[in-house]
Amino acid sequence: KAGVTQTPRYLIKTRGQQVTLSCSPISGHRSVSWYQQTPGQGLQFLFEYFSETQRNKGNFPGRFSGRQFSNSRSEMNVSTLELGDSALYLCASSLEGLRPDTQYFGPGTRLTVL
Amino acid sequence: GEDVEQSLFLSVREGDSSVINCTYTDSSSTYLYWYKQEPGAGLQLLTYIFSNMDMKQDQRLTVLLNKKDKHLSLRIADTQTGDSAIYFCAERALYNQGGKLIFGQGTELSVKP
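Shown next as structure tokens:
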């Protein structure tokens with residue numbers, strides 16, 4: 001089975017721009033979660049989608065949004081980019097997203113904001 | 115609230131055992147996970163334990179859970195240079211419906227030959 005894939009792997013943007021990141025979960029997985037990883041804040045939960053609905057949300061501003069399609073693929077969008085948005089964005093998929101459902105992580109998208 | 119704490123660095127010699135420690139604050143029943151991250155890569159799930167267990171062993175990995183002290187440890191036997199990575203402890207509380215994990219800051223394990 002193919003693992004979680006994320007595209008693009010690297011991205012460079014400038015302040016004020018917007019960006020869309022994509023995540024394709026493992027086949028059959030219906031839950032997709034997004035995390036932001038920075039040296040200062042570590043790994044922080046952004047949001048989770050299940051069956052095209054946002055089921056859980058972390059403490060991030062409204063500039064961060066996401067969606068999930070009927071094939072479980074997910075996208076996240078960051079509008080009006082700030083320097084502090086530079087991070088590794090990780091996507092994780094699981095069957096249902098319930099305990100102890102194993103979450104499998106993708107390789108991440110490295111976003112650099114200049 | 116939810117909080118997970120780990121020490122930041124650990125250095126061991128090849129062949130020794132490594133013990134990585136983690137404390138969590140959530141008192142509700144929970145699942146606790148250990149993930150490994152190698153440079154430039156995503157997170158790889160190593161193992162998990164439910165809070166009604168005290169210990170779980172999987173090949174070179176042993177997880178110990180002290181519920182009273184809310185302390186979790188990961189022991190890696192016969193540590194190899196390929197085990198050098200950052201190890202994250204994560205928890206998911208019982209009341210948490212869905213896929214949200216709370217991660218510690220990560221422990222960077224350095225294995226010297």
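Protein chains in written order, with our numbering: chain A, 1 to 114; chain B, 115 to 227.
Where a beta carbon is used, it is the ideal one built from N, C-alpha and C, also for glycine.
Rounding to the nearest angstrom, what Cα-Cα distance links residue i and residue j in this structure?
i: residue 137 of chain B; j: residue 162 of chain B; result: 15 Å
i: residue 88 of chain A; j: residue 180 of chain B; result: 32 Å
i: residue 11 of chain A; j: residue 3 of chain A; result: 21 Å
i: residue 225 of chain B; j: residue 131 of chain B; result: 10 Å
i: residue 164 of chain B; j: residue 112 of chain A; result: 37 Å
i: residue 182 of chain B; j: residue 146 of chain B; result: 15 Å
i: residue 40 of chain A; j: residue 191 of chain B; result: 31 Å
i: residue 170 of chain B; j: residue 106 of chain A; result: 26 Å
i: residue 194 of chain B; j: residue 174 of chain B; result: 11 Å
i: residue 129 of chain B; j: residue 44 of chain A; result: 34 Å
i: residue 55 of chain A; j: residue 198 of chain B; result: 35 Å
i: residue 154 of chain B; j: residue 90 of chain A; result: 12 Å
i: residue 142 of chain B; j: residue 156 of chain B; result: 28 Å
i: residue 60 of chain A; j: residue 83 of chain A; result: 15 Å
i: residue 158 of chain B; j: residue 81 of chain A; result: 29 Å
i: residue 205 of chain B; j: residue 14 of chain A; result: 35 Å
i: residue 202 of chain B; j: residue 42 of chain A; result: 10 Å
i: residue 58 of chain A; j: residue 118 of chain B; result: 16 Å
i: residue 216 of chain B; j: residue 34 of chain A; result: 12 Å
Below 7 Å CB to CB, which residues in the same chain sit around residue i once its five sequence neighbours on both sides are set aside?
i: residue 8 of chain A; result: 109
i: residue 68 of chain A; result: 32, 49, 52, 74
i: residue 85 of chain A; result: 78, 111, 113
i: residue 72 of chain A; result: 25, 29, 30, 32
i: residue 36 of chain A; result: 44, 46, 87, 89
i: residue 152 of chain B; result: 199
i: residue 160 of chain B; result: 148, 149, 150, 175
i: residue 5 of chain A; result: 24, 106
i: residue 38 of chain A; result: 87
Go through its chain and collect everything with a Cβ distance to residue i's Cβ below 6 Å, but skip five positions before and after it.
i: residue 22 of chain A; result: 7, 75
i: residue 222 of chain B; result: 123, 200
i: residue 187 of chain B; result: 133, 135, 178
i: residue 103 of chain A; result: 92, 94
So residue i is in the beta strand (DSSP E); what residue range does that whole segment cover?
i: residue 137 of chain B; result: 132-138
i: residue 214 of chain B; result: Element bounds for residue 214 of chain B: n/a, residue is neither H nor E.
i: residue 110 of chain A; result: 109-113
i: residue 119 of chain B; result: 118-120
i: residue 221 of chain B; result: 221-226
i: residue 37 of chain A; result: 31-38
i: residue 5 of chain A; result: 5-7
i: residue 15 of chain A; result: That residue, residue 15 of chain A, is in no beta strand (DSSP E); it is neither H nor E in DSSP.
i: residue 27 of chain A; result: Taken as a continuous stretch (DSSP letters only), residue 27 of chain A belongs to no beta strand (DSSP E), as it is neither H nor E.
Could you round the C-beta distance between residue i and residue j to whole angstroms and report it? I think they count as a contact, below 8 Å.
i: residue 214 of chain B; j: residue 48 of chain A; result: 6 Å
i: residue 220 of chain B; j: residue 120 of chain B; result: 6 Å
Once the 5 residues before and after residue i are set aside, which same chain residues still bring their CB inside 8 Å of it?
i: residue 79 of chain A; result: 18, 63, 65
i: residue 126 of chain B; result: 132, 193, 223, 224, 225, 226
Does residue i come within less than 8 Å of chain D when only Cβ atoms are used?
i: residue 157 of chain B; result: Here the protein chains are A and B, and chain D is not one of them.
**OP:** Run through the stretch 48-95 of chain A for me and flag every whole alpha helix (DSSP H) of 4 or more residues, listed as ranges in chain order.
**Re:** Correct list: empty.
**OP:** Just list the beta strand (DSSP E) runs in the stretch 140-190 of chain B, keeping only unbroken ones of 3 residues or longer that don't cross its boundaries, in chain order.
**Re:** Here the runs fully enclosed are 144-151, 157-164, 169-172, 175-180, 185-190.
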